[in-house]
Structures are given as structure tokens and as C-alpha cells.
Amino acid sequence: MALGTVLITGGTGYIGSFTTLALLEHGYEVVIVDSLYNSSKVALDRIELICGKRPAFYEVDITDEEALDKVFAAHPNIDSVIHFAALKAVGESSEIPLEYYRVNVGGSIALLRSMAKHSVPNIVFSSSATVYGDATRVPNMIPIPEHCPIGPTNPYGRTKSTIELVITDFIESQRNNAKKAGKPFEQWNGALLRYFNPCGSHPSGIMGEDPSGIPFNLLPLLGQVATGQREKLLVFGDDYPSRDGTAIRDYIHVVDLAKGHLAALNHLREKKPGVRAWNLGSGRGSTVFEMINAFSKVVGRPLKYEVVERRAGDVLDLTANPARANEELGWKTELTLEDACDDLWRWVSNNPKGYRQDPPAALLDA
Ligand code: NAD
Ligand code: WQD
Numbered sequence: 002m003a004l005g006t007v008l009i010t011g012g013t014g015y016i017g018s019f020t021t022l023a024l025l026e027h028g029y030e031v032v033i034v035d036s037l038y039n040s041s042k043v044a045l046d047r048i049e050l051i052c053g054k055r056p057a058f059y060e061v062d063i064t065d066e067e068a069l070d071k072v073f074a075a076h077p078n079i080d081s082v083i084h085f086a087a088l089k090a091v092g093e094s095s096e097i098p099l100e101y102y103r104v105n106v107g108g109s110i111a112l113l114r115s116m117a118k119h120s121v122p123n124i125v126f127s128s129s130a131t132v133y134g135d136a137t138r139v140p141n142m143i144p145i146p147e148h149c150p151i152g153p154t155n156p157y158g159r160t161k162s163t164i165e166l167v168i169t170d171f172i173e174s175q176r177n178n179a180k181k182a183g184k185p186f187e188q189w190n191g192a193l194l195r196y197f198n199p200c201g202s203h204p205s206g207i208m209g210e211d212p213s214g215i216p217f218n219l220l221p222l223l224g225q226v227a228t229g230q231r232e233k234l235l236v237f238g239d240d241y242p243s244r245d246g247t248a249i250r251d252y253i254h255v256v257d258l259a260k261g262h263l264a265a266l267n268h269l270r271e272k273k274p275g276v277r278a279w280n281l282g283s284g285r286g287s288t289v290f291e292m293i294n295a296f297s298k299v300v301g302r303p304l305k306y307e308v309v310e311r312r313a314g315d316v317l318d319l320t321a322n323p324a325r326a327n328e329e330l331g332w333k334t335e336l337t338l339e340d341a342c343d344d345l346w347r348w349v350s351n352n353p354k355g356y357r358q359d360p361p362a363a364l365l366d367a
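In this note's numbering, the protein residues as written are 2 to 367.
1) By the 10 Å Cβ neighbour count, where 16 or more other Cβ atoms means buried, how is Ser129 classified, buried or exposed?
2) So is the beta-carbon of Phe85 under 7 Å away from any non-hydrogen atom of the ligand NAD?
3) Going by C-alpha distance, which of Thr154, Asn155 and Pro140 is nearest His148?
4) Give me the Cα-Cα distance between Ser81 and Ser41, rounded to the nearest whole angstrom.
5) Does the Cβ-Cβ distance between Ile79 and Phe73 come in under 8 Å?
6) Should Ile151 be flagged as near chain B, meaning a C-beta pair shorter than 8 Å?
7) I'd like to know whether the C-beta atoms of Leu364 and Leu281 end up nearer to each other than 8 Å.
8) If you count every other CB in all the chains shown that lies within 10 Å of the CB of Gly358, and 16 or more means buried, which is it?
9) Give every residue of the same chain whose Cβ lies closer than 6 Å to the Cβ of Gln188, excluding the five residues on either side of it in the sequence, and list them in chain order.
10) Pull up the CB-CB distance for Trp348 and Ser202, whole angstroms please, since I reckon it's below 8 Å.
11) Can you check the segment 246 to 319 for any alpha helix (DSSP H) of at least 4 residues that lies completely inside it and give the ranges in chain order?
12) Does at least one heavy atom of the ligand NAD sit under 7 Å from the Cβ of Pro221?
13) Between which two residues does the beta strand (DSSP E) holding Pro199 run?
14) May I ask you to report which of helix, strand or coil DSSP gives Asp343?
15) Quick check on Leu2: buried or exposed, where buried means 16 or more other Cβ atoms within 10 Å of its Cβ?
16) Please classify Lys260 as buried or exposed, where buried requires at least 16 neighbouring CB atoms within 10 angstroms.
17) How about Val43 and His76: do their beta carbons lie closer than 8 Å?
18) Using the three-state DSSP reduction, which class does Asn105 fall into: helix, strand or coil?
19) Opposite Val125 in the DSSP bridges: which residues?
20) How far does the beta strand (DSSP E) with Thr10 in it extend, from its first residue to its last?
21) Which residue or residues does DSSP assign as beta-bridge partners of Asp35?
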């Protein structure tokens, strides 16, 4: 018998597809809603190829509360939601902030309303380390613990910190209302998962990040340099006060990140902690130059780059203190940066068109 049934919003996207896979592999049933705005249904085929199970799928926009109602009504066993669906381009969020608030905040409110109507009590939310903003502004906050003051520096980050507050208020009110009505209240719980820099692909080489537009994160861009789709990487500043002048980030393998969701979900269902934030990171910071070197090593040749001006809004150091997740969720990263580079290279070199082409037969037979 399944451990439970989980609704995953944004489940055909990058982190959502890996989390779907992890849940299916660990005995959960999964129902996905996704508008396919930044993903494709091919992700479902790859999930099935890897684990032999296929999640239920609905092409639904999370801002459409009625459509969400229908999905919950069709799957009365759903007792938890993992909520990934969002717009996530930091730069774009400054250009069209209202669209970011409409989809990210409005969509989350529609989802919570629908959960309340169908008595679905657990939510695991995709937050981001970006909610901390520049943690170096506060003394002794690197590596960043969850009690670091929140201070996002762009509209995207502010949608995430706003949703954290909305979820906190929602779960508290559900608990209080249930208590007043003399009903069990402990089952209402929320996990706010603040991811650092997700990267990497599935070790099989058949599942990875396949955004609809141009990637803007460091590793996918490096992947494009390695496959010749891009001439060089532009390094945004080498004048930071770091060990080599470039900015520091905490890169976390997406397979580890997916397991973090499983750990948080199990924790909510078993320990019923109310609402709690957890950092999902490795605790290890790497500079841009270190990432270029690590990926070049895997590719087997130096990758071309050029140092340019700092990117507006970038901060010096976003390294997690993951102690709370390590202790409370019993979760820690197991894969290394080298694993992430290795897996990313297997993915991009074998699938230069992402999900728009079949993977090489050799990978399918492996
Ligand atoms: P992604 O774009 O690959 O996945 C998001 C999914 O949501 C996509 O499949 C997209 O089609 C879907 N979606 C977008 N708008 C929708 C809507 N209105 N209705 C239904 N579905 C919709 O992104 P990802 O990298 O997998 O990120 C997943 C979540 O994690 C997002 O909430 C993102 O903000 C958060 N996050 C990502 C990172 C990162 O670097 N990738 C870091 C921290 C937090
Ligand atoms: C990493 C480092 C860049 C590209 C972003 C979002 C954050 C979260 C994760 C969603 C930085 C440098 C990058 C390039 C470069 N997403 N870089 N040249 O900015 O840490 O975080 O993704 O929540 O909210 O802001 O990630 O991969 O863009 O950059 O030099 O072409 O690589 O300056 O130091 P970032 P990133």
C-alpha cells in the first residue's frame, strides 16, 4: 500500500520532477499539476523510465482555484502538497513584478484555499535562500542559519518571503480554528524549504534541467559553453572579498535536494511541528572560479570565460548553515560538487536538445 498520496505543483519542472521521482521510489503516490509554462510532459516519461511508475498528471494553472478543486476532488486520498509551481527568473521579476505576485503569491493563495476546502493539511513549500538577501549585512551570519533576518533584494525574493508569511498565517489559523471547534488540529503543518543553489542531473543521464527559455544559472550556462552552444561564460565580477575574487554560493545536487523534500514531508506527517523553516544546502561554499575549474575537469578541457562587471543584485556569499535540517529532518547532502558536475555533463553532452530529443540508446540500455 502507498505511504500516502501527494499533490506536487510544478512537478514536471526541474526540482519537481526529481522530487516526484524520489517520492515514487519511496512508496508515495504522486499527482502532478503543472501548466507546462516552463516544462514538458516528457519529464513524466523519463520518471517512468527510471522508476517504472508514472505520476497522475493534470495540465492546470495554480491560479485556477476551480481546476485545483477538481483535482483534489478526483483524488480524495491526497493528504499533502509539495508546492513548486512559480515564476523564478530574478531579472524578469523586476520587469513584470505584478505577474510574479499574481502567479507566485496569488497562485499560492488559490492553492491554500483549495487545500482548506478539501482538508488537505500538509504543505511543503519551495522557498529560496534568496529570502535572506545579503546576509553579510548582519555580523556572523555566514554560514546562514534560519534565524538570519529576512531581506530579499528583488521582487521574486519578496514573493517567496510573502508566501512564507501567508503559509504561516494559514496553518496557524487552521490550527486555531480546529482547536476552537474541538477538532484535531495538529495535522495542519507547513515546511518552508529554503534552497541554496540547486544543480546537477540524474546519474542515468536521461533526466535533467530543461528550461523552455535561455538558462540564467551558472551551471546550465557552463554546460552550454562545454557543448559549444555558447562561446564563453561571463564571470560577473572578480573583485569580491573572497578567496579568488568571485562570489560564493552553496551548490546542492538536485538528487540530494529531492531527498530533502521527502525528509521534510515525512517530518510534517510524523512529528507535526506546525510551520518551520529549514535551509537545504551543503554548508560548503564554492566560488565561481572553483565551479569553472570543477566542471572543466569533468569535461576534460578548460572552458572559456571572460570576467565582466558584477551583476546587479548579486551578493558576496550565500552559504547555508544546514544544521537544523541535518538534526531535525535527519537529512544531509551526500553528493559532492564533482558528482553534480559529472551528472550535469552526462546530461548535457548526451541530450544537447534536452527533452526535445530521445536520449542515446546506450543510456537507456544501461
Ligand atoms: P522550474 O521552472 O523548472 O519548475 C517550476 C514549474 O512550475 C514548471 O514546470 C512550470 O511549468 C510550473 N509553473 C509555472 N507557473 C505555473 C502556474 N501558474 N501553474 C502551474 N504550474 C506552473 O523551476 P525549478 O528550478 O524546478 O524551481 C521549482 C521551485 O523552486 C520554484 O518555486 C522556484 O522558485 C524554487 N527555487 C528554485 C531554485 C533554483 O535555483 N532552481 C532555487 C530556490 C528556489
Ligand atoms: C551563481 C553565481 C553569479 C551566471 C539564483 C537566484 C536565487 C535562486 C538560485 C531561485 C553568482 C555567477 C552566474 C553567469 C556568473 N533561484 N554567475 N556568470 O544568483 O546565486 O541565485 O538562482 O530561487 O534566487 O538569484 O545563482 O546560478 O545565477 O549564479 O558569474 O553567467 O555565478 O554572479 O555568483 P544565484 P546563479
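Using N, Cα and C, we set each Cβ at its ideal position, and we do this for glycine too.
For this structure:
1) buried
2) yes
3) Pro140
4) 24 Å
5) yes
6) Of the chains in the structure shown, none is chain B; there is only one protein chain.
7) no
8) First, the residue type needs correcting, since residue 358 is Gln and not Gly in the sequence shown. So Gln358 ends up on the exposed side.
9) Pro122
10) 4 Å
11) 255 to 272 and 289 to 300
12) It does not: the Cβ of Pro221 is nowhere closer than 7 Å to a heavy atom of the ligand NAD.
13) Asn198 to Cys200
14) helix
15) Note on identity: in this sequence residue 2 is Met, with Leu being the wrong assignment. When all chains shown are included, Met2 counts as exposed.
16) buried
17) no
18) helix
19) Ile83 and Ala192
20) Thr6 to Thr10
21) Glu60
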